[in-house]
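A.B. asks: Going letter by letter, the sequence shown gives residues 261 to 671 in the numbering used here. Even for Gly, the Cβ is constructed at its ideal location relative to N, Cα and C. Just so you know, these numbers come straight off a predicted model, no measurement behind them.
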Amino acid sequence: MAASGFGCAAKLLGLHSAPHASGAPTALLIQPLIPQVLQTGEMWLLLGALCLAQGLEDAIPGAEMFHNPESFMNISQKIHFHGYPSEEYEVMTEDGYFLSLNRIPHGKGGVGPRTPVLIVHGFGLDGGDWVDNFPDNSLAFILADAGYDVWLGNNRGSSWSRRHRSLSVASQQFWDFSFHEMAMYDLPAMVGFILMETQQEQLFYVGHAQGSSLGFIAFSSLPNLANKIKLFFALAPVHTFRHARGPVLKLFFLPDWLLKVQEGFVGCYCRNPGTSDNSCPLHGHCALLLHLWWAWELLASFLTFPRAAAENIWNQGAGPGAEEGEAEFFPPSQLRPPFYQIEAMTVPVAMWSGGHDWVTPPVETQVLLSHLSNVVHYEHFPDWNHFDHHWGMNAPQRMYRRMVAMMEENP
């Protein structure tokens, strides 16, 4: 019944399955539908079909499930799972948000005073991204083993930073924030706490995508904060969304009620216990959707993450004055966005970009480079997508070793 139900839903949407050698359908082919979806503006139906299919597939008795033991671990548990020391802290921002900070104080080789490194995640993710792979492929573990005191930041609204001194997480007010507040409040709170705890004067900052945007905003707007940064590593840095592509990316520029449909799909199905990587019957289908957004690979980490104030953060790109997906980041109460003079940033920055990055394509990176006055290193990998910077299997050889070398050159 489940299979026939799924087939019916797929037929309604114009989808079809590619048969396996055994005769069982294994791959949902979405590509033929894309032109029609783009013309009708009804891409959200795709999520509805997956939502229906999930429920139908769950009804199959005796379905074989394969569980990744890390799927439902928190960040500290993942760190311990791989044999590293783990500490967890909570710091309150000036505007009352409590942020979780995960720390790997040292590697497996020893203890002692070490230079701190703060790593901040991208949109919709959390600090756990940097410990998702095996130790020899995860940046956080590599830095810890190289002699650094590693701190993983979790911005407001992410999985582990959903508390406020007076606001309920269920309230609209809790989610009434943007990139601006993350940069102006979250980063200063995290950096200040880390330097106080480690009794150091400066740290290295690593930001991926949204994390790099926060760095550009904060370090160009807050000179006192900028003075506390030894070196800024910007991975897949986001400047604007003028040239961002990928049909699923457009979901974030839909009306609020449609965003809630999307959120409901992710919340109700993708974060259910037992629904992760290979244990999810829709894993292959969602991987196809993920490719339409950013990349084909590594869907598993998305299946446990809630949205981080998507209405405010992403809809800013569709606000007054924004054209063709241009992201103009501003608090929801403002009619016009503030303009950040990133040319004024004096922090030395090292940047890496990917040729297959649909969120920050090469043309966007070149525009960003033209605004920066203190670029000490830039490297472009034509075959990398938006996620290769932290999940790519060749990231240690191509990028992490260079990052460690640059840290050693700037003690």
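From this set, Ser438, His650, Gly372 and Leu463, which residue's C-alpha is nearest tryptophan 411's C-alpha?
C.D. replies: Ranking the options by Cα distance to tryptophan 411, first place goes to Leu463.
A.B. asks: If distances are taken between C-alpha atoms only, which option among His424, Thr625 and Leu474 comes closest to glycine 382?
C.D. replies: Taking only the C-alpha atoms, the option nearest glycine 382 is Leu474.
A.B. asks: How many whole angstroms separate the CB atoms of proline 497 and serine 481, which I take to be in contact at a CB cut-off of 8 angstroms?
C.D. replies: The Cβ separation is near 16 angstroms, so there is no contact.
A.B. asks: Would you kindly check if the distance between the Cβ of phenylalanine 358 and the Cβ of valine 348 is under 8 angstroms?
C.D. replies: Before going on, a small fix: residue 348 reads as glutamate here, not valine. No, Cβ-Cβ distance for glutamate 348 and phenylalanine 358 is not below 8 angstroms.
A.B. asks: What residues in its chain sit with their C-beta under 7 angstroms from that of leucine 628, if we drop five residues either side in the sequence?
C.D. replies: Around leucine 628: Pro497 and His499.
A.B. asks: Between which residues of its own chain and histidine 637 is the CB-CB distance below 6 angstroms, once the five residues before and five after are set aside?
C.D. replies: Closer than 6 angstroms at Cβ, skipping near neighbours: Ala610.
A.B. asks: Would you say the stretch 356 to 372 touches the stretch 418 to 425, given that touching needs at least three Cβ pairs under 8 angstroms?
C.D. replies: In short, these stretches touch, since the Cβ pair count reaches three.
A.B. asks: Name the DSSP bridge partner or partners of asparagine 670?
C.D. replies: DSSP lists no partner for asparagine 670.
A.B. asks: For histidine 646, count the other beta carbons within 10 Å of its own beta carbon; 16 or more makes it buried, fewer makes it exposed. Which is it?
C.D. replies: The residue in question, histidine 646, is buried, as its Cβ has 16 or more Cβ neighbours within 10 Å.
A.B. asks: Closer than 8 angstroms, CB to CB, is valine 377 near chain B or not?
C.D. replies: Chain labels in this structure do not include chain B; a single protein chain is all it has.
A.B. asks: Can you check the stretch 357 to 430 for any alpha helix (DSSP H) of at least 4 residues that lies completely inside it and give the ranges in chain order?
C.D. replies: With a minimum length of 4 residues, the continuous alpha helix (DSSP H) runs that stay inside the stretch 357 to 430 are 399 to 405.
A.B. asks: Name, in chain order, the residues that DSSP records as bridge partners for methionine 352.
C.D. replies: Answer is Phe358.
A.B. asks: Over what stretch of residues does the beta strand (DSSP E) that includes tryptophan 612 continue unbroken?
C.D. replies: Looking at the DSSP string, the run of the beta strand (DSSP E) that includes tryptophan 612 is 609 to 614.
A.B. asks: Are leucine 403 and valine 664 touching if we call contact CB-CB under 8 angstroms?
C.D. replies: It is a contact, given that the beta carbons lie within the stated cut-off.
A.B. asks: Take the Cβ of glutamate 624 as the centre, count every other Cβ of all protein chains shown within 10 Å, and call the residue buried at 16 or more, exposed below.
C.D. replies: By the neighbour-count rule (16 or more Cβ atoms within 10 Å), glutamate 624 is buried.
A.B. asks: Considering Cα atoms alone, identify which of Gln433, Phe492, Asp355 and His650 is closest to proline 376.
C.D. replies: Of the candidates Gln433, Phe492, Asp355 and His650, the one whose C-alpha sits nearest the C-alpha of proline 376 is Phe492.
A.B. asks: Indicate the three-state DSSP secondary structure (helix, strand or coil) for tyrosine 638 in the structure shown.
C.D. replies: Three-state result, tyrosine 638: strand.
A.B. asks: Given that a residue counts as buried once 16 or more other Cβ atoms are within 10 Å of its Cβ, and exposed if not, what is serine 426?
C.D. replies: Flag for serine 426 reads exposed.
A.B. asks: So, with DSSP's three-state summary, where would you put valine 619?
C.D. replies: Of the three classes helix, strand and coil, the one that applies to valine 619 here is coil, per DSSP.
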